[in-house]
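Residue numbers (full-length UniProt numbering): 1 to 197.
Glycine included, every Cβ here is placed at the ideal spot set by N, Cα and C.
Everything numeric in this text was worked out from a predicted model, so none of it was measured.
Down below is the structure, laid out as structure tokens.
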């Protein structure tokens, strides 16, 4: 069994990490985004399905396409962030299974079974989106995950003509804790959220 990571790492990933609403102007480089995905891609998914697709919205042109589809409360902070990841779900993920899960005919498990496709795609792309968030934190970046956008509008702007549908957004950058950082909200205790059966 592996050793636990350091207390400092646990703080960075969980205990001290926050959802930021304001951002410093420091750039997030393309290299950092490649590093982020290089970590996140190793998180487990069912049958290695890997249905997440990501658009890293970074350019002014892409931000201008995203802006009209954000809720009023999310627009300013999202436009200020150096990067916003659109976490999408590919509902034709199973076409990649011969490559990703070559030791079984996993594609045949899904073809023609739309409820299984949709459930598997959504569950596993959501997991992968969380891996993106944790990979970003591990690399020293801050995150602001959010809903609060017009899904159909984002899909038309960024995923038109594909089987990919947006799931949620993650603003990524270097958070400015001096502005709009709310006190940490309470969390449920173990006994409130869990039981050992």
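Query: I need the straight-line Cα distance from residue 169 to residue 145, nearest angstrom please.; Result: 6 Å
Query: Helix, strand or coil for residue 191 per DSSP?; Result: helix
Query: Given residue 117, which residues of its chain have a CB within under 7 Å of its CB, disregarding the five upstream and five downstream residues?; Result: 91, 94, 110
Query: May I ask which residues mark the beginning and end of the alpha helix (DSSP H) holding residue 153?; Result: 151-158
Query: Using the DSSP secondary-structure output, state which residues sit across from residue 145 in a beta bridge.; Result: 170
Query: Return the Cβ separation of residue 174 and residue 127 in integer angstroms, given the expectation that the two are a contact with Cβ distance under 8 Å.; Result: Their Cβ separation, rounded to whole angstroms, is 26 Å, which puts residue 174 and residue 127 out of contact at 8 Å.
Query: Only counting the same chain, and skipping five residues up and downstream in sequence, which positions put a Cβ closer than 8 Å to that of residue 132?; Result: 36, 37, 40, 52, 54, 85, 87, 170
Query: For residue 83, count the other beta carbons within 10 Å of its own beta carbon; 16 or more makes it buried, fewer makes it exposed. Which is it?; Result: buried
Query: Using 8 Å as the cut-off, can you tell me whether the segment 101-108 makes contact with the segment 1-19, which would need three or more C-beta pairs spanning the two stretches below that distance?; Result: no
Query: With H, G and I counted as helix, E and B as strand and the rest as coil, what does DSSP make of residue 78?; Result: helix
Query: Please report the distance separating the alpha-carbon of residue 70 from that of residue 3.; Result: 42 Å
Query: Looking at the unbroken beta strand (DSSP E) that takes in residue 88, where does it start and where does it end?; Result: 83-90
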